[in-house]
Each structure stands twice: as structure tokens, then as C-alpha cells.
């Protein structure tokens, strides 16, 4: 039976227009879609944040754990949890420098390097799918706008 305005609830309801006009709702939908695509097309076990940490450790070998979180937009407790999981999987090692036992320096293991290489290849393939239909200039412009929007939203809650 058709409902209001010819909508058939048995086929699923479209989002209300008010939600489609709310940037937070659209961002959440985009994040959900991205996460589902990541799990299906990139890696069902390694999460996006874990991949970001592996990428950052690869870019900054021997980096101090406490300083890495901000480079991948993770708070201290989330970062510690991710590092612990990556270490448990044998993808990274935490080393204590002789001069400061409080610090933890991070490095990829050979298995971590191999995992990062393969995951990065699949992530780049996903990026191509996500940006399909946009030429290079449009992709650059879209990423620039998304980055600006992200920085603006982060600035709303920064102390």
C-alpha cells in the first residue's frame, strides 16, 4: 500500500528532506558508506584508523607514540588501544629508548610493512572507486573542500 505522496514503505523510506539538508547527517551517511566499502573492498579486520597509524609509523619510523596521535586525528586513549592491537598482531613494535623509559617509540615489523603495502594497494583502489566520475581537478577541489570543512568542524570544539 502506498503511503503519503506515493511512497511505498515496503520498499524503504527515503530520508526526510530536513535530514538531507543537515551536513552532519550527510557526513555520517558518507562515513557509514565508506566504512562498509572499506570492510568489503580493503580489509575486514584492519580498520581505517589502524591503517592510518601504520601509514604514519611508516612515514615516521621511531616516532614517539604520544606525538603520533594528532597526525592521524586520534585521541590519546584511542591511539593507545590501536597501538596495543597492532602490537598484538605483530604489525608494530614499541621500543623504550635507553635515555627515557617513559617513551614508546614505534616501528613497523616486517609483517607490518607487508600488511601496509597490500592494504595500501587495496585502499588506493577504493579511492579510485570513490572518486570515479570526477576528473583530476575536481578530485583535488573536492578533497580541498572536504579538508577545509573538516578543519572548520574540528575548530568548533577545539579548546
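Residue numbers (UniProt numbering): 1 to 159.
The beta carbon of each residue, even a glycine, is placed where N, CA and C say it ideally should be.
Being a predicted model, the structure only gives us computed values, none of them experimental.
- For residue 92, no alpha helix (DSSP H) segment is defined; the enclosing uninterrupted segment is the beta strand (DSSP E) at 92 to 95.
- Annotated three-state conformation of residue 63 is strand, per DSSP.
- Within the UniProt domain "HTH marR-type" (16 to 151), the runs of beta strand (DSSP E) at least 3 residues long that lie entirely inside it are, in chain order, 92 to 95 and 105 to 108.
- Of the other Cβ atoms in all chains shown, fewer than 16 fall within 10 Å of the Cβ of residue 45; this residue is therefore exposed.
- One thing to note: residue 56 has its Cβ no nearer than 9 Å to the Cβ of residue 42.
- Here residue 155 carries a helix assignment [DSSP, helix/strand/coil].
- Contact between residue 113 and residue 90 does not hold, since their C-beta atoms are separated by about 11 Å, which reaches or exceeds 8 Å.
- Note on geometry: alpha-carbon atoms of residue 124 and residue 62 lie some 25 Å from one another.
- With contacts defined as CB atoms closer than 9 Å, residue 76 and residue 95 fail to qualify as a contacting pair.
- Residue 38 counts as buried, since at least 16 other C-beta atoms from the protein chains shown sit within 10 angstroms of its C-beta.
- Leaving aside the five residues that flank residue 65 on each side, the residues in its chain whose CB is nearer than 8 Å to its CB run, in chain order, 79, 80, 83, 94, 103, 104, 105 and 106.
- 9 Å or more divides the Cβ of residue 12 from the Cβ of residue 34.
- When the alpha-carbon of residue 87 is set against those of 69, 54 and 60, the nearest one is in 54.
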